[in-house]
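K.L.:
Residue numbers (the numbering used here): 12 to 273. Here it is, the structure in full.
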C-alpha cells in the first residue's frame, strides 16, 4: 500500500495553557490525542517527519522525540522502509511488550542491532531430522549450537530464549558474542567478509522448551512465539541461523507489505 500524501495546512498553534510545556511534550500529547480521536486511524500511516514538522510548526528533531515516545507506548512503529504505522489508539499498558516491524531485510538488520544475544552454553551437533527440516540443511550436517538469551539493548528486557546455529567455519564468532557486541550480521561481514543475501523465516506458536523454562525461570507449559530465521550467502550456503522462543506477551511482530512500482 502506497503512503498517501497529506495536504499541508497552516501550523497548528499551541494552546496558551501549554506555553511552558516543552515542544516535544506538547507534540507528543497532541499526536496522542489525534490518534485516540481517530484523526490517524489504527492501521494508517502517520504523515512523514517533514510533513509533521510543517503541520505542527515544529522542528524535525521535535517530531523525532515526540514520535519516539509514542513508539515506546506501543502506539506506533517506525520503519525506514515503510513509514510510521499506527498500531493502537491507546497506549499499550504492558510496557514489557516489544513491537518489531519488518518490511525489508534492512528492517531485520535494524532489529538485530536493537537486540543482543547473550550465550550461556554451546555444543557441536549433527542435525537430526527436525533440525535439518527447520534449518533447510542436509541430515547430519555439522553445526555449532549456542544456547542464549535475547535482550533489548536499550533496557536489558529479556524477550526470548534462543538457539543460535553457526556454520562451523565461523565457530569463532561465539567468542565475540559477549558484552556489548555487534550483531551476528555485522560480525559475519567484518570478521569473515561474508554477506547475507537471503533470509528464510518461519513463525509459529508452541510451548516454551524445557531448557527455556529453566533458563528463564518460567512456569511449566507456558506458551511461546517461535520464530526461526536461517541466513544464507549468495551460493545458498547456511551462514548462521536463530531459533527464537519469545516469551508469551513479550513480543509482537508486525510485517508490512508494499507493492513495488511497476
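Even glycine gets a Cβ: it sits at the ideal position worked out from N, Cα and C.
In terms of residue numbering, what span does the alpha helix (DSSP H) encompassing residue 167 cover?
P.N.:
Per DSSP, residue 167 belongs to no alpha helix (DSSP H) and is neither H nor E.
K.L.:
Suppose you measure from the CA of residue 61 to the CA of residue 94; what does that come to, to the nearest Å?
P.N.:
Rounded to the nearest angstrom, the two C-alpha atoms are 12 Å apart.
K.L.:
Among the candidates 44, 209, 227, whose CA atom is the shortest distance from the CA of residue 345?
P.N.:
Examination of residue 345 is not possible in this model, given that the chain is present from 12 through 273 alone.
K.L.:
Tell me the residue span of the beta strand (DSSP E) that contains residue 215.
P.N.:
Element bounds for residue 215: 209-218.
K.L.:
Quick one: residues in its chain with C-beta nearer than 6 Å to the C-beta of residue 63, no 5 flanking neighbours on either side, listed in chain order?
P.N.:
Excluding residues within five positions, the ones whose Cβ falls inside 6 Å are 74.
K.L.:
Please classify residue 260 as buried or exposed, where buried requires at least 16 neighbouring CB atoms within 10 angstroms.
P.N.:
Under this definition residue 260 is an exposed residue.
K.L.:
Roughly how many whole angstroms lie between the Cα atoms of residue 222 and residue 76?
P.N.:
Those two C-alpha atoms are separated by around 40 Å.
K.L.:
Sorted by chain position, which residues of the same chain lie with C-beta nearer than 7 Å to residue 89's C-beta, five sequence neighbours on each side aside?
P.N.:
If we look at residue 89 and ignore the five residues flanking it on each side, its Cβ neighbours are 78, 82, 95.
K.L.:
Evaluate contact between the segment 146-163 and the segment 189-205, counting only Cβ atoms and requiring at least three cross-stretch pairs below 8 Å.
P.N.:
Output reads no: the segment 189-205 does not touch the segment 146-163.
K.L.:
Could I get the ranges of all uninterrupted alpha helix (DSSP H) runs contained in the segment 126-191, with 4 residues as the minimum, in chain order?
P.N.:
For the segment 126-191, whole alpha helix (DSSP H) runs of length 4 or above, ordered along the chain, are 140-146.
K.L.:
Helix, strand or coil: how does DSSP classify residue 88 here?
P.N.:
If DSSP states are grouped into helix, strand and coil, residue 88 belongs with the strands.
K.L.:
Within 10 angstroms of the Cβ of residue 237, are there 16 or more other Cβ atoms? Answer buried if so, exposed if not.
P.N.:
With 16 or more Cβ atoms within 10 Å of its Cβ, residue 237 is classed as buried.
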